[in-house]
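Visitor:
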Amino acid sequence: MKAWLNRDHGAALQCEEVPDPDPGTEGLVIKVSHCGLCHSDLHRWHGISNMGSRGVIHRPRPENPIAMGHEIVGEIVGMGSAVTGRSLGEKVIVYPWFGCGKCKACLAGEDNMCREPTRSLGFGNHGGFAERVAVPHERYAVPLGDLAPEQAAPLACAGLTVRCAIRKIEPFDPTETIVTIGTGGVGLTAISVLHALGHRNVVALDRDASRATDAVAAGAARFIATPEGTTSASLVEALGGKIDNVLDFVNSSETAALAFDLLGKGGRMVQVGLYGGELNVPLPLLTGASLTVRGSITGTLGDLRDVVRMAREGLLPAIPVSVLPRSSINDAIQSLDKGQVKGRIVLVAEGG
Ligand SMILES: [Zn+2]
Ligand SMILES: [Zn+2]
3 MKAWLNRDHG AALQCEEVPD PDPGTEGLVI KVSHCGLCHS DLHRWHGISN
53 MGSRGVIHRP RPENPIAMGH EIVGEIVGMG SAVTGRSLGE KVIVYPWFGC
103 GKCKACLAGE DNMCREPTRS LGFGNHGGFA ERVAVPHERY AVPLGDLAPE
153 QAAPLACAGL TVRCAIRKIE PFDPTETIVT IGTGGVGLTA ISVLHALGHR
203 NVVALDRDAS RATDAVAAGA ARFIATPEGT TSASLVEALG GKIDNVLDFV
253 NSSETAALAF DLLGKGGRMV QVGLYGGELN VPLPLLTGAS LTVRGSITGT
303 LGDLRDVVRM AREGLLPAIP VSVLPRSSIN DAIQSLDKGQ VKGRIVLVAE
353 GG
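Position one of the sequence shown corresponds to residue 3 (our numbering), numbered consecutively onward.
Below is the structure:
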């Protein structure tokens, strides 16, 4: 099959022939029709991680060139001999974050927390920037039903990631202020999932004031622009005081520091993005105000099923999606890298 491989960081992906994926005994092969382009693809493409004062990790070349892409919709074209109850041609959304299936986390249904080296699609195995992908068990293929594939594809990363992060601040009062930082594909999805969960007081922050309309359309009660130089004191004032919960979908030194400074007693912040940097906090404040600082990486199969249910029930306001042919993948990466993308880009296979 054809796959678009990341051979040199920051260079155009190369379209190459690679071996066809194998479903094994219990798995499926899925022909990719749609695949979203996510910021984590961009991080992998750059091969750079900013670890703050610990330095910048720069990988000159991918150790194992694989096709990126993990927001996959497609149809079942191959099944292992032990698979029952599925049919060829069935359209599915793929859960890409599968683990070893044997460790403590996997047995608890938290594949995203697997203790073994990653097997995720687009990271440990060829992902959706290829003609076909394999999943090791049919449970990882969630029926698409009548959802629009370009809206459904981002649920496999943006959707389940925000569902998992939101679980970490539940339960909450639907009227209390929850601040979200960042209004890219993931940030907007968070606003829409919070709305679907009945929350009605999301305050969305982004340094780009032109994102206000999209944030409000996704369900935010308020939008506050935070251009460079915005102080936490001015934000606390605009919010009418300190708050209990912040979800930071950027995860930079600047946004994390801002998030921390917004927290009142018992406040919780969840870091979700991979932008990079570090957080320096006064330890007496952490103790004195009993604050919680935690991270959240992708989400579980249960989280994917939950956001798919919300979409099916018509509860999720749609986020802006640009559909582009898969052959334009390198242009799409450039657009995302330059910050020119509203919501999500979804790449669609050409010629069926
Ligand atoms: Zn992603
Ligand atoms: Zn595992």
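All C-beta atoms in this analysis are idealised placements derived from N, C-alpha and C, irrespective of residue type, glycine included. All figures in this text were calculated on a predicted structure; none of them were measured in a lab.
Kindly examine ligand 2 and report whether one of its heavy atoms sits closer than 6 angstroms to the Cβ of Gly-101.
Guide: yes
Visitor: Just to confirm the assignment: which complete beta strand (DSSP E) runs, minimum length 3, are found wholly within the region 120-184?
Guide: 134-137, 143-145 and 180-183
Visitor: Starting from Gln-273, follow its DSSP beta bridges and name the residues at the other end.
Guide: Asp-250 and Gly-297
Visitor: Would DSSP call Glu-280 helix, strand or coil?
Guide: coil
Visitor: Reducing DSSP to helix, strand and coil, say where Cys-116 ends up.
Guide: coil
Visitor: Take the Cβ of Met-53 as the centre, count every other Cβ of all protein chains shown within 10 Å, and call the residue buried at 16 or more, exposed below.
Guide: exposed
Visitor: Smallest Cα separation from Gly-231: which of Val-218, Val-248, Glu-256 and Glu-239?
Guide: Comparing Cα-Cα distances from Gly-231 to each of Val-218, Val-248, Glu-256 and Glu-239, the minimum goes to Glu-256.
Visitor: Taking a cut-off of 6 angstroms, which residues have a beta-carbon closer than that to any heavy atom of ligand 3, in chain order?
Guide: For ligand 3, the structure offers nothing, since it holds only ligand 1 and ligand 2.
Visitor: Cβ of Glu-118 within 6 angstroms of any heavy atom in ligand 2?
Guide: yes
Visitor: Would the beta-carbon of Ser-35 fall within 7 angstroms of that of Gly-91?
Guide: Pairing Ser-35 with Gly-91 gives a Cβ-Cβ distance that is not under 7 angstroms.
Visitor: Do the region 126-146 and the region 89-106 make contact, defined as three or more Cβ pairs closer than 8 angstroms?
Guide: yes
Visitor: At the level of alpha carbons, what is the spacing between Thr-289 and Val-283?
Guide: Rounded to the nearest angstrom, the two C-alpha atoms are 11 angstroms apart.
Visitor: Using a Cβ distance threshold of 8 angstroms, determine whether the region 267-284 contacts the region 119-135, with at least three qualifying pairs required.
Guide: Counting C-beta pairs closer than 8 angstroms gives fewer than three between the region 267-284 and the region 119-135, which falls short of the contact rule.
Visitor: Would Gly-82 and Pro-173 qualify as a contact pair, given that the criterion is a beta-carbon distance under 7 angstroms?
Guide: no
Visitor: At a cut-off of 6 angstroms, would you count Cys-17 as near ligand 2, judging by its Cβ distance to the nearest heavy atom?
Guide: no
Visitor: Count the other CB atoms within 10 Å of the CB of Gly-71; is the residue buried (16 or more) or exposed (fewer)?
Guide: Gly-71 should be labelled buried.
Visitor: How should Thr-163 be labelled, buried or exposed, when 16 other C-beta atoms within 10 angstroms of its C-beta is the threshold for buried?
Guide: buried
Visitor: Going by beta-carbon coordinates alone, are Val-325 and Gly-38 separated by less than 7 angstroms?
Guide: no
Visitor: Kindly indicate which three-state DSSP category Lys-93 falls into: helix, strand or coil?
Guide: strand
Visitor: How about Cys-1: is its Cβ closer than 6 angstroms to a heavy atom in ligand 2?
Guide: Residue 1 is absent from the structure shown; the chain starts at 3 and stops at 354.
Visitor: Looking at the secondary structure, which residues open and close the alpha helix (DSSP H) in which Met-312 lies?
Guide: 303-314
Visitor: Taking just the CA atoms, how far does Glu-18 sit from Val-248?
Guide: The C-alpha of Val-248 lies about 43 angstroms from the C-alpha of Glu-18.
Visitor: Would you mind stating whether Ile-321 and Thr-177 have Cβ atoms separated by less than 7 angstroms?
Guide: No. Outside cutoff.
Visitor: Using only alpha-carbon positions, find the residue among Arg-328, His-45, Asp-10 and Thr-27 that is nearest to Leu-276.
Guide: Relative to Leu-276, the option among Arg-328, His-45, Asp-10 and Thr-27 whose CA is nearest is His-45.
Visitor: Express the C-alpha separation of Ala-158 and Glu-112 in angstroms, rounding to a whole number.
Guide: C-alpha separation (whole angstroms): 15 angstroms.
Visitor: Closer than 6 angstroms to a non-hydrogen atom of ligand 2 - does that hold for the CB of Cys-166?
Guide: no
Visitor: Could you tell me which of Asp-339, Val-343 and Val-85 sits nearest to His-360, measuring between CA atoms?
Guide: This structure cannot speak to residue 360, because the chain is shown only from 3 to 354.
Visitor: I want to know whether the region 190-206 touches the region 327-342 - three or more CB-CB distances under 8 angstroms.
Guide: no
Visitor: Need the endpoints of the alpha helix (DSSP H) that Ser-337 sits in, please.
Guide: Unbroken alpha helix (DSSP H) run through Ser-337: 331-339.
Visitor: If we count the other Cβ atoms within 10 Å of its Cβ and call it buried at 16 or more, is Gly-57 buried or exposed?
Guide: With fewer than 16 Cβ atoms within 10 Å of its Cβ, Gly-57 is classed as exposed.
Visitor: Give the list of continuous alpha helix (DSSP H) stretches no shorter than 4 residues that lie fully inside the region 189-240.
Guide: Taking only runs of at least 4 residues, the alpha helix (DSSP H) segments lying wholly in the region 189-240 are 214-220.
Visitor: Would Gly-130 and Gly-345 be called neighbours here (beta carbons separated by less than 7 angstroms)?
Guide: no
Visitor: Distance, Cα to Cα, Met-115 vs Arg-270?
Guide: 21 angstroms
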